[in-house]
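Enquirer: Take this structure, written in structure tokens, and hold onto it; I'll ask about it next.
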Ligand code: ADP
């Protein structure tokens with residue numbers, strides 16, 4: 007079974023969020039199960055400089071605004087083979103792959119990501135004579151057009167000859183809120199049949215939607231947790247696409263993401279000051295003290311140390327955290343924030359840090375090592391998201407015996423078990439969960455966490471239970487196999 011994963015980020019070469027962790031870990035898990043998996047990724051600077059042994063596969067004539075296009079093949083750090091689209095006019099830009107230095111989306115993003123989907127479809131049609139994709143598995147809107155190009159090729163082949171161009175297509179939704187919307191005029195440049203611009207196609211309220219193209223034309227859809235798969239079929243979380251998703255419910259599967267234990271495990275993590283496991287959980291204290299020192303806050307152990315490792319965006323519910331800080335301070339607790347994003351949120355956290363330097367700290371920016379030290383050193387990780395397709399940080403926290411405090415939504419609901427009396431008695435509790443997205447619910451859950459912190463034996467039992475959880479990638483890959491099998495002819 008030859009499966010091509012099409013994406014824009016792969017850890018450790020290029021990462022802006024959880025997508026990169028998924029695309030680095032899922033393909034090797036599939037390979038272990040016998041899938042012949044390869045990747046396709048644009049030749050962004052971080053990708054090209056991270057892969058120096060690139061073997062030429064094809065030279066393509068100019069397209070989508072790129073004058074010269076080379077397709078090369080390399081081995082990723084995880085051992086998986088990756089095709090790289092070298093089109094400097096489109097991809098050779100510094101920094102973030104999607105936006106310019108001032109945070110504005112590149113105006114030619116429709117061309118940049120049309121090329122990605124188009125090359126994916128070409129790899130299903132024999133562009134590389136030595137390897138043909140039988141299934142194109144696209145990740146998020148950036149790769150959404152691949153299914154449309156496959157569909158267009160099938161239509162062009164005509165009745166009875168569709169199988170000649172038959173490759174299965176899968177789209178994984180990592181976040182429905184990012185849709186790849188462009189004005190209708192771009193349709194003329196996409197090299198797709200004009201009638202694909204239709205309500206029953208890739209038109210979305212008068213715009214071209216790359217995500218909708220993927221949702222409409224892909225044979226199968228997956229998303230990153232069972233709860234999110236249900237939630238996006240409803241208006242509240244459906245981002246206007248709930249009707250289409252509900253209509254495709256039988257093709258939509260929610261599969262929870264996993265944890266790559268070669269990168270996220272407290273017994274082997276090179277980024278943390280002291281390694282530990284379930285049997286040596288007391289050593290976690292040294293990670294805690296190290297983190298307090300690094301953040302410049304007081305070395306106290308009387309009350310819990312809360313942490314946030316997150317994009318600072320409205321999705322993540324961080325205004326709830328801001329509202330909770332006074333309560334944290336009243337309890338003698340501390341808060342460290344690591345993140346980058348909305349300036350208003352950064353300014354608000356900074357103000358608290360200035361006013362309470364021994365209790366609150368914020369690091370603005372992206373720091374992989376610090377993310378590990380936070381996950382290891384905090385007592386509680388706060389993830390009070392408005393919506394959360396899966397969420398990876400709470401899975402990492404569980405693995406490190408750091409108890410997540412989360413809202414019961416999406417993948418957070420599927421991965422954290424609240425410490426109700428029943429769950430505590432049954433030794434199932436792994437964290438703190440609240441339902442309503444409001445300050446009162448959040449603050450009362452903070453108070454619960456602070457109270458629980460003083461019950462040392464109960465806390466330890468919850469940490470042990472959290473660390474026993476196994477959210478591994480093999481389990482996710484196993485659930486993908488039957489979906490792939492349905493697409494192989
Ligand atoms: P999302 O993909 O919505 O941003 P996830 O929880 O799925 O959220 O994944 C976030 C990933 O990005 C995790 O690996 C987390 O550790 C990492 N991360 C988030 N913010 C930072 C940061 N400021 N520095 C380092 N890593 C970060």
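In the working numbering, the protein residues as written are 7 to 495. C-beta: ideal position from N, C-alpha, C; glycine also.
Rounded to the nearest angstrom, what separates residue 97 and residue 120 at their Cα positions?
Expert: The alpha-carbon atoms of residue 97 and residue 120 are separated by roughly 12 Å.
Enquirer: Between the alpha carbons of residue 187 and residue 222, how many angstroms are there, rounded?
Expert: Their Cα atoms are separated by approximately 15 Å.
Enquirer: Tell me whether residue 442 is buried or exposed, calling it buried when 16 or more other Cβ atoms sit within 10 Å of its Cβ.
Expert: Exposed.
Enquirer: Using CA atoms only, rank isn't needed, just tell me which of 329, 335, 279 is closest to residue 351.
Expert: Here the closest residue by C-alpha is 329.
Enquirer: With respect to 6 Å, is the separation between the Cβ of residue 315 and the closest non-hydrogen atom of the ligand ADP below this value?
Expert: Yes, the Cβ of residue 315 comes within 6 Å of a heavy atom of the ligand ADP.
Enquirer: Per DSSP, what kind of secondary structure is residue 52 in: helix, strand or coil?
Expert: Helix at residue 52.
Enquirer: Any idea what DSSP makes of residue 112, helix, strand or coil?
Expert: DSSP places residue 112 in coil when its eight states are reduced to three.
Enquirer: Skipping 5 residues on each side, what residues in its chain have a beta carbon closer than 7 Å to that of residue 292?
Expert: Excluding positions up to five away in sequence, the list reads 279, 280.
Enquirer: Ends of the alpha helix (DSSP H) at residue 381?
Expert: Per DSSP, residue 381 belongs to the alpha helix (DSSP H) from 374-383.
Enquirer: Please tell me whether residue 489 and residue 226 are closer than 7 Å, where the distance is taken between their beta carbons.
Expert: Cβ atoms of residue 489 and residue 226: closer than 7 Å.
Enquirer: Note down, in chain order, each residue of its chain lying with its Cβ closer than 8 Å to the Cβ of residue 116, except the 5 sequence neighbours on either side.
Expert: Result list for residue 116: 186, 188, 192, 195, 196, 214, 216, in chain order.
Enquirer: Rounded to whole angstroms, how far is the Cβ of residue 378 from the Cβ of residue 335, which I believe are closer than 8 Å?
Expert: Not confirmed; about 27 Å, so no contact.
Enquirer: Assuming residue 282 contacts residue 246 (C-beta within less than 8 Å), just tell me the rounded distance between them.
Expert: At roughly 46 Å, the Cβ-Cβ gap does not stay under 8 Å, so residue 282 and residue 246 are not in contact.
Enquirer: Exposed or buried, what is residue 345 when buried is set at 16 or more other beta-carbons lying within 10 Å of its beta-carbon?
Expert: That one is buried.
Enquirer: Report all residues from its chain with a CB closer than 7 Å to the CB of residue 459; omit the five preceding and five following residues, and keep chain order.
Expert: So the list reads 309, 310, 385, 465, once near-sequence residues are dropped.
Enquirer: What residue does the alpha helix (DSSP H) around residue 352 start on, and which one ends it?
Expert: Its alpha helix (DSSP H) spans residues 349-361.
Enquirer: Within 8 Å, do at least three Cβ pairs link the stretch 129-136 to the stretch 97-112?
Expert: Touching, no, given that fewer than three Cβ pairs across the two stretches are closer than 8 Å.
Enquirer: My assumption, with CB atoms under 8 Å, is that residue 399 sits in contact with residue 389. Please give the rounded CB distance.
Expert: With a Cβ gap of about 6 Å, residue 399 and residue 389 count as contacting.
Enquirer: Would you kindly work out how many angstroms separate the C-alpha atoms of residue 14 and residue 313, rounded to a whole number?
Expert: Looking at the two C-alpha atoms, the distance is approximately 29 Å.
Enquirer: Among the candidates 343, 288, 47, whose CA atom is the shortest distance from the CA of residue 325?
Expert: Ranking the options by Cα distance to residue 325, first place goes to 343.
Enquirer: Going by DSSP in three states, residue 128 sits in which element: helix, strand or coil?
Expert: In this structure, residue 128 counts as helix in the three-state DSSP scheme.
Enquirer: What first and last residue would you give for the alpha helix (DSSP H) that runs through residue 454?
Expert: Element bounds for residue 454: 445-459.
Enquirer: Taking contact to mean 3 or more Cβ pairs, one atom from each stretch, closer than 8 Å, check whether the stretch 362-374 and the stretch 254-273 are in contact.
Expert: Touching, no.
Enquirer: For a quick check, are the C-beta atoms of residue 140 and residue 163 less than 7 Å apart?
Expert: The answer is no: Cβ separation not under 7 Å.
Enquirer: Looking at C-alpha atoms only, which residue of 190, 126, 206 is the closest neighbour of residue 177?
Expert: The residue with the shortest Cα to Cα distance from residue 177 is 126.
Enquirer: Can you tell me where the beta strand (DSSP E) holding residue 393 begins and where it ends?
Expert: Here residue 393 belongs to no beta strand (DSSP E), and DSSP marks it neither H nor E.
Enquirer: Could you check if residue 374 belongs to the surroundings of the ligand ADP, using beta carbon to heavy atom distance under 6 Å?
Expert: Yes, the ligand ADP has a heavy atom inside 6 Å of this Cβ.
Enquirer: If you follow the alpha helix (DSSP H) that residue 484 is in, where does it begin and where does it stop?
Expert: 479-491 is the span of the alpha helix (DSSP H), which, as asked, contains residue 484.
Enquirer: Answer with buried or exposed for residue 437, where buried requires no fewer than 16 other C-beta atoms within 10 angstroms of its C-beta.
Expert: When all chains shown are included, residue 437 counts as buried.
Enquirer: Where do the ends of the alpha helix (DSSP H) carrying residue 400 lie?
Expert: Residue 400 -> alpha helix (DSSP H) spans 399-405.
Enquirer: Per DSSP, which one or two residues make a beta bridge with residue 142?
Expert: In the DSSP output, where bridge partners are listed per residue, residue 142 has 10, 175.
Enquirer: For residue 17, name the three-state secondary structure that DSSP assigns.
Expert: Residue 17 falls in the coil class under three-state DSSP.
Enquirer: What residues match up with residue 67 in a beta bridge as DSSP calls it?
Expert: In the DSSP output, where bridge partners are listed per residue, residue 67 has 74.
Enquirer: Have a look at the DSSP bridge pairing and note the partners of residue 45.
Expert: Residue 45 pairs with 11, 88.
Enquirer: Taking residue 57 as the reference, which of 72, 277, 88 has the closest Cα?
Expert: Of the listed residues, the one whose Cα sits closest to residue 57 is 88.
Enquirer: Under a three-way DSSP split, which group does residue 28 fall into?
Expert: Note: residue 28 maps to helix in three-state DSSP.
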